[in-house]
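Residues in the sequence shown are numbered consecutively from 2, following the working numbering.
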Amino acid sequence: KQTSKELEVMRTPSASEVIKRQEEAKRLKKQLDAWNALVEFRIHLEGALSVGHRLPVGEAAAAFRGADSSVTSGVDAVAKELR
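Shown next, in the form of structure tokens:
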């Protein structure tokens with residue numbers, strides 16, 4: 002039968018194990034921070050996409066652009082910036 006002191010020594014992690022676990026914890030924290038940043042970025046993109054989805058397309062967009070020449074120049078400027 003093992004003494005309580007022997008059991009305590011067996012349960013205590015070595016210094017190398019502690020360092021290894023700390024390094025793994027740092028890597029996991031960085032990974033979690035990266036995922037959180039991606040989720041935050043996705044949330045911001047959803048707002049921009051919802052605005053984009055409300056814009057007219059096809060014949061409606063052509064009619065909208067044809068009705069006002071300032072709209073046409075604005076649309077062309079934005080399209081040029083996106084390229």
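C-beta: ideal position from N, C-alpha, C; glycine also.
*What first and last residue would you give for the alpha helix (DSSP H) that runs through T73?*
Position 72 of the sequence shown, counted from the first residue, corresponds to residue 73. Taken as a continuous stretch (DSSP letters only), the alpha helix (DSSP H) holding T73 covers 70 to 83.
*asked:* What does the alpha-carbon distance come out to for the pair E18 and E25?
replied: For this step, residue 18 is matched to residue 17 along the sequence shown. For this step, residue 25 is matched to residue 24 along the sequence shown. C-alpha separation (whole angstroms): 10 angstroms.
*How is L56 classed by DSSP in three states: helix, strand or coil?*
Taking the first residue of the sequence shown as position 1, residue 56 is located at position 55. The answer is coil: DSSP assigns L56 none of H, G, I, E or B.
*By Cβ distance, which residues of its chain are closer than 6 angstroms to D34, with the 5 residues on each side in sequence left out?*
Here residue 34 refers to the residue found at position 33 when the sequence shown is read from its first residue. Same-chain partners within the cutoff: there are none.
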